[in-house]
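Chains as they are written, first to last, in the working numbering: chain A, 101 to 308; chain B, 101 to 308. Glycine included, every Cβ here is placed at the ideal spot set by N, Cα and C. Predicted model, so just to flag it, every value in this text is computed and none were measured. Working notes, beginning with the structure itself.
There are 2 protein chains.
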Amino acid sequence: MNKYSAFNGLNTAEKAELIEQINAKEKLYEKGRRIFTLTSESDETGILIQGLAYLVSINNYGEENILEYYSPGNIFGSYFSPDTNVNLYAITAKKDCNILVFKNTNIVSNVNSVNKYHIKFINNVITSASRKSQIHIDILSQRTIRKKLLTYLSYLSENEGTRTLTLPIPLSDLADYICVDRSAMMREIRKMNNESIITSKGKVISIL
Amino acid sequence: MNKYSAFNGLNTAEKAELIEQINAKEKLYEKGRRIFTLTSESDETGILIQGLAYLVSINNYGEENILEYYSPGNIFGSYFSPDTNVNLYAITAKKDCNILVFKNTNIVSNVNSVNKYHIKFINNVITSASRKSQIHIDILSQRTIRKKLLTYLSYLSENEGTRTLTLPIPLSDLADYICVDRSAMMREIRKMNNESIITSKGKVISIL
DNA sequence: ACGATATTGTTGCAAATGCAACAGAAATAT
DNA sequence: ATATTTCTGTTGCATTTGCAACAATATCGT
């Protein structure tokens with residue numbers, strides 16, 4: 101879902117200047133590493149350059165639950181996640197990640213409406229963070245596994261501009277993302293194949 | 101969930117000045133009315149002053165589904181909702197509403213880091229819009245009705261600062277919000293009462 | 001190239017949830 | 001003050017979904 105990129109509409113020079121202005125540093129996080137833990141004290145924001153990262157909630161038993169996944173261009177951090185003691189949140193690297201790291205407060209620091217690219221950046225931040233969540237809610241609000249899957253696939257399809265999709269995350273994590281049991285989801289995918297609603301093999305799915 | 105207010109940390113004078121700067125007009129919408137329809141052309145933003153409003157998605161059969169509810173201070177509009185043809189979105193007035201209406205683009209117009217209150221406003225907009233959604237996702241990602249309810253109640257309790265809560269929306273809409281069948285939710289509430297996890301009568305619920 | 005690890009795919013069974021339908025209470029409108 | 005609409009509360013039953021457990025592939029790391 102990559103139209104939700106923080107740098108949309110910025111050219112290379114503007115992007116570079118902006119990165120300097122918000123004082124962002126590119127860092128590498130290896131697969132499996134915890135990138136941020138989102139506590140009330142944390143003030144870090146990240147923009148994913150390359151790789152795949154998850155926002156997970158962690159319950160009292162240490163079980164993790166995928167709340168969101170981030171593709172290149174997506175922005176994440178304590179700024180966008182609830183500062184609460186109901187659940188613990190963290191960002192983890194599902195694959196090796198290149199991430200631009202900077203402080204929350206720098207998103208809206210030294211703004212001046214003359215800096216058109218900074219204004220654009222703030223707009224991107226607002227829209228990308230909230231719209232991505234709202235899509236997720238729309239998916240989760242569907243009452244059956246089939247509808248959840250089809251809603252997810254529709255959004256992905258619209259975003260990729262094709263009806264043949266390669267999932268950005270493993271099926272096992274997709275089940276987590278749409279909040280259903282993996283085996284039940286697999287069963288539903290099989291049924292949808294039988295009913296010629298989709299054709300799929302592994303992570304490659306065509307909507308018919 | 102009213103710490104997610106667009107005007108947090110602003111005093112009356114700053115608020116008034118800001119309202120002028122973003123050129124916001126207060127409007128009244130009667131109960132049941134459609135406030136905005138969120139199409140790709142719409143560019144309106146609203147801040148709820150008084151009342152109760154819902155973000156609904158509308159499917160092909162015209163059935164509406166509550167994706168979010170807004171309490172005084174909350175901000176909503178096309179800026180925060182996906183611009184997509186997968187589903188249709190609209191904001192509707194559940195009760196009579198007073199709403200500050202202004203254009204998307206004015207949120208980040210004429211910014212200057214000297215205007216501390218405007219910076220604060222933008223920060224509020226970012227955090228309130230994205231955190232409210234993320235809480236909703238956290239609720240929906242719970243796998244049972246009981247856990248969904250308890251997660252919802254925990255957030256509400258934390259926000260209200262009390263363990264005895266009056267729901268801001270009817271139980272029938274709460275079922276929609278946590279995306280479960282209403283009768284199944286009622287059954288679960290009864291069980292939780294029997295097991296002394298909560299005591300409740302109608303919209304008044306105490307967490308034990 | 002090989003072993004280790006992660007992911008996909010499948011099933012039987014139990015349990016939770018949704019659906020439909022209705023009665024009663026509460027709130028709202030006139 | 002009363003009628004109308006909305007909301008709460010309940011039940012039986014069908015269905016979906018989750019859980020547990022396992023085999024078969026695919027992918028990754030060295």
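Task: Member of A/V225, A/L138, A/G132, A/L271 whose CA lies at the smallest distance from the CA of A/N185 - done: Stepping through the first sequence from its first residue, residue 185 of chain A is reached at position 85. Ranking the options by Cα distance to A/N185, first place goes to A/L138.
- [ ] Grab me the residues of B/D273's own chain with a C-beta within less than 8 angstroms of its C-beta, minus the 5 sequence neighbours each way, in chain order.
- [x] Taking the first residue of the second sequence as position 1, residue 273 of chain B is located at position 173. Y154, I166, Y169, K194, listed in sequence order.
Task: Length at least 3, wholly inside the stretch 230-300 of chain B: the beta strand (DSSP E) runs in chain order - done: 264-266
Task: Interface positions of the stretch 169-184 of chain B facing chain A (Cβ-Cβ less than 9 angstroms), listed along the chain - done: Y179, F180, S181, P182, D183, T184
Open item on the list: Looking at A/I237: is its Cβ nearer than 8 angstroms to the Cβ of B/S233?
Closed with: Within the first sequence, numbered from 1, the residue matching residue 237 of chain A stands at position 137. Within the second sequence, numbered from 1, the residue matching residue 233 of chain B stands at position 133. Their beta carbons are under 8 angstroms apart, which means A/I237 touches B/S233 by this criterion.
Open item on the list: When you compare the CB of A/E258 with every CB in chain B, is at least one pair closer than 8 angstroms?
Closed with: As a working mapping, residue 258 of chain A is identified with position 158 in the first sequence. Answer yes: the Cβ-Cβ gap between A/E258 and chain B drops below 8 angstroms somewhere.
Open item on the list: Taking beta-carbon pairs under 7 angstroms, can you tell me which members of the stretch 228-239 of chain A lie near chain B?
Closed with: A229, S230, R231, S233, Q234, I235, H236, I237, D238
TODO: Buried or exposed for A/V123, please, with buried defined as at least 16 other CB atoms from any protein chain shown within 10 angstroms of its CB.
DONE: Within the first sequence, numbered from 1, the residue matching residue 123 of chain A stands at position 23. This sequence places Asn at residue 123 of chain A; Val is not what is there. A/N123 should be labelled exposed.
- [ ] Examine the Cβ distances between the stretch 171-178 of chain A and the stretch 109-129 of chain A and report whether three or more of them are shorter than 8 angstroms.
- [x] no
- [ ] State buried or exposed for B/L148, treating a residue as buried only when at least 16 other CB atoms are found within 10 Å of its CB.
- [x] As a position in the second sequence, residue 148 of chain B is number 48, starting the count at 1. Per the 10 Å Cβ criterion, buried.
- [ ] Check distances from the C-beta atoms of the stretch 199-217 of chain A to those of chain B and list, in chain order, the residues that come in under 8 angstroms.
- [x] I207, V208, S209, N210, V211, N212, S213
Open item on the list: Quick check on DSSP: helix, strand or coil for A/Y170?
Closed with: Within the first sequence, the letter at position 70 stands for residue 170 of chain A. The answer is strand: DSSP assigns A/Y170 an E or B state.
Open item on the list: What does the Cβ neighbour count give for B/T145, buried or exposed, with the cut at 16 atoms within 10 Å?
Closed with: Counted from its first residue, the second sequence places residue 145 of chain B at position 45. Buried.
Open item on the list: Against chain A, which members of the stretch 254-278 of chain B pass a CB distance test of less than 7 angstroms?
Closed with: S254, Y255, E258
Open item on the list: Does A/D276 pass the burial test, meaning 16 or more other C-beta atoms within 10 Å, or should it be called exposed?
Closed with: In the first sequence, the residue the question calls residue 276 of chain A occupies position 176. Burial call: buried.
- [ ] Write down the C-beta distance between A/Y104 and A/G173 rounded to the nearest angstrom, noting that I regard them as a contact closer than 8 angstroms.
- [x] Looking up residue 104 of chain A in the first sequence gives position 4. Looking up residue 173 of chain A in the first sequence gives position 73. So it is a contact: roughly 7 angstroms between Cβ atoms.
- [ ] Determine, using beta carbons only, whether B/I226 and A/V225 come nearer to each other than 8 angstroms.
- [x] Position 126 of the second sequence, counting from 1, holds the residue named residue 226 of chain B. Position 125 of the first sequence, counting from 1, holds the residue named residue 225 of chain A. Yes; because the gap between Cβ atoms is below 8 angstroms, this pair is in contact.
Open item on the list: In whole angstroms, give me the CA-to-CA distance for A/N293 and A/Y189.
Closed with: As a working note, residue 293 of chain A is residue 193 in the first sequence. As a working note, residue 189 of chain A is residue 89 in the first sequence. Going by the C-alpha atoms only, they are around 36 angstroms apart.
Task: Residues of its chain near B/M285, where Cβ-Cβ distance is below 8 angstroms and the 5 sequence neighbours each way are ignored - done: Here residue 285 of chain B corresponds to residue number 185 of the second sequence, with the count starting at 1. Hits under 8 angstroms: I245, L249, L271, L274, A275, I278.
Open item on the list: Can you confirm whether B/S296, when its beta carbon is compared against all beta carbons of chain A, has any partner nearer than 8 angstroms?
Closed with: Along the second sequence, read from residue 1 onward, the residue named residue 296 of chain B stands at position 196. By this cut-off, B/S296 is not an interface position.
Task: Among B/Y161, B/S213, B/V156, nearest to B/A191 - alpha-carbon criterion - done: Taking the first residue of the second sequence as position 1, residue 191 of chain B is located at position 91. First, the residue type needs correcting, since residue 191 of chain B is Ile and not Ala in the sequence shown. Ranking the options by Cα distance to B/I191, first place goes to B/V156.
TODO: Please report the residue range of the beta strand (DSSP E) in which B/K115 lies.
DONE: As a position in the second sequence, residue 115 of chain B is number 15, starting the count at 1. No beta strand (DSSP E) holds B/K115; the alpha helix (DSSP H) holding it covers 112-121.
Task: Three-state secondary structure assigned by DSSP to B/F221 - done: Walking along the second sequence from the start, residue 221 of chain B turns up at place 121. B/F221 falls in the helix class under three-state DSSP.
Task: Any C-beta of chain A under 8 angstroms from that of B/N316 - done: Shown here, chain B extends from 101 to 308; a query on residue 316 of chain B therefore has no answer.
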